[in-house]
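Peer 1:
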Amino acid sequence: MELLDGRKVKKEKLQQLREKLNRCEEQVGLAVIQIGEDPASSVYVRQKEKMANDLGYYFKHIKLAENVTEEEVLSLIDQLNEDNLIDGILVQMPIPKHLDSKKIQNRIHYLKDVDGLTDINAGRLIHNQDTLVPCTPMGIMTLLEYYGIEVSGKNVVIVGRSDLVGKPLAALMTNQDATVTICHSKTKNLSTYTKQADILVVAVGKSNLIREKDVKEEAIIIDVGINRLEDGKLCGDVDFESVSRKASYITPVPGGVGQMTVYELGNNTYKAKMLRKKNSNL
Ligand code: NAD
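Using this note's numbering, the letters of the sequence shown map in sequence onto residues 15 to 296.
#1: Of the residues Val42, Glu26, Gly20 and Lys117, which one's Cα is nearest the Cα of Lys285?
#2: Rank Leu113, Gln143 and Ile118 by C-alpha distance to the C-alpha of Leu289 and give the top, closest one.
#3: Looking only at its own chain, which residues have a Cβ that is under 7 angstroms from the Cβ of Asp228, when we skip the five neighbours before and after it?
#4: Would you mind stating whether Ile47 and Gln106 have Cβ atoms separated by less than 8 angstroms?
#5: Tell me the DSSP secondary structure of Pro148 in three-state form.
#6: Could you give the first and the last residue of the continuous beta strand (DSSP E) run that contains Leu99?
#7: Sorted by chain position, which residues of the same chain lie with C-beta nearer than 7 angstroms to Pro110's C-beta, five sequence neighbours on each side aside?
#8: Go ahead and pull the three-state DSSP assignment for Gln48.
#9: Just verifying my parser: in three-state terms, what is the DSSP assignment at Val257?
#10: Would you kindly report the start and end of the unbroken alpha helix (DSSP H) that includes Leu279?
#11: Beta carbon of Arg290: closer than 7 angstroms to some heavy atom of the ligand NAD?
#12: What are the uninterrupted segments assigned as alpha helix (DSSP H) that are 4 or more residues long and contained completely in the region 186-241, given in chain order?
#13: Using CA coordinates, which residue listed in Tyr161, Val194, Val170 and Ile236 is at the minimum distance from Val23?
#14: Just how far apart, CA to CA, sit Lys116 and Thr132?
#15: Quick check on this structure: which residue in Thr265, Asn95 and Leu99 has the alpha carbon closest to the alpha carbon of Val215?
Here it is as structure tokens:
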């Protein structure tokens, strides 16, 4: 079994990105909008800030009160869409329930949508056009490519169908000629599907959902889940100890897909600048 080491790949990929940035005359800018006081969101925003600082990006962290109105959020996004110093905009999820998250995400100009969650970017991805793709699925593709794992012709089973992970990953895998099955909370006999997978991706948020009996010999296992145990430690959705004995490759949690997600946000923000320059319509 070989570990798919997100930390190592992130480090190398960030170095390659820095080299590209050295050749770029203008500073890259990222704006993160945080609404309310969700403690997990503060941790994620700090991670993004650190990544942005490491890459020398201009980082704008805008904190809005829990009771902000939808109009105020939309008008802030309009300003950021027009702001030439800002290449990427993201709204940290979750946001308070009185706000329409789809409407807010769709207000971001698609060329600044570094989370890849606008309807335009989701559609462009389905149509296999070069665009901004959600960071986690993109990170999975980068990790597989780094380890020379071919996707074409493989049976790929994805457990989880969120707009952030499962669905865009299914599109990326299909665009690269994999045969893709998507499973979710209503799937009956999950194990029947997971056992068929050459590449099994699990993005649910339930520890030990996948055990040794649920995977086939030599399968490639990508564990996206992040679960906090009672002792404060993090684990994925896959029982790492038993499954790693059967798998050919597996991602650890932490140190796997999460690391790649952070890198891809840095890369998407740079890419957003390049795409915008090419389109120069903002
Ligand atoms: P989500 O809650 O939006 O989606 C969960 C999906 O799991 C749904 O599609 C649901 O149908 C499916 N599901 C629920 N119970 C199931 C079951 N018993 N069997 C099969 N499918 C089931 O979550 P999300 O945003 O896609 O995130 C999923 C997990 O991945 C979470 O643990 C999250 O923290 C983690 N995550 C990690 C990263 C990273 O960078 N590593 C990024 C995003 C999300």
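C-beta atoms are modelled at their ideal positions from N, C-alpha and C, and glycine is treated no differently.
Peer 2: In terms of the structure at hand:
#1: What you label residue 285 is simply residue 271 of the sequence shown in a count that begins at 1. The option with the nearest alpha carbon to Lys285 is Val42.
#2: Here the question's residue 289 lines up with position 275 in the sequence shown. Ranking the options by Cα distance to Leu289, first place goes to Gln143.
#3: For the purposes of this step, residue 228 is taken as residue 214 along the sequence shown, with counting starting at 1. Excluding positions up to five away in sequence, the list reads Ser205, Thr208 and Lys209.
#4: By one-based count along the sequence shown, residue 47 stands at place 33. By one-based count along the sequence shown, residue 106 stands at place 92. In this structure, Gln106 lies closer than 8 angstroms to Ile47 by Cβ.
#5: Within the sequence shown, the letter at position 134 stands for residue 148. Correct three-state label for Pro148: coil.
#6: Translated into positions along the sequence shown, residue 99 becomes position 85. Annotation for Leu99: no beta strand (DSSP E) segment contains it, and DSSP assigns it neither H nor E.
#7: To locate residue 110, count along the sequence shown from 1; it is residue 96. Contacts found: Ile49, Gly50 and Glu80.
#8: For the purposes of this step, residue 48 is taken as residue 34 along the sequence shown, with counting starting at 1. Gln48 sits in a strand when the DSSP states are folded into three classes.
#9: For the purposes of this step, residue 257 is taken as the residue at position 243 of the sequence shown. It is helical.
#10: Along the sequence shown, one-based indexing puts residue 279 at 265. Leu279 -> alpha helix (DSSP H) spans Val271 to Asn293.
#11: If you number the sequence shown from 1, residue 290 lands on position 276. No, Cβ of Arg290 sits at least 7 angstroms from all heavy atoms of the ligand NAD.
#12: 204-208
#13: Translated into the one-based positions of the sequence shown, residue 23 becomes position 9. Ranking Tyr161, Val194, Val170 and Ile236 by Cα distance to Val23 puts Tyr161 first.
#14: On the sequence shown, position 102 is the one that residue 116 refers to. On the sequence shown, position 118 is the one that residue 132 refers to. One C-alpha to the other measures close to 8 angstroms.
#15: Taking the first residue of the sequence shown as position 1, residue 215 is located at position 201. It is Thr265.
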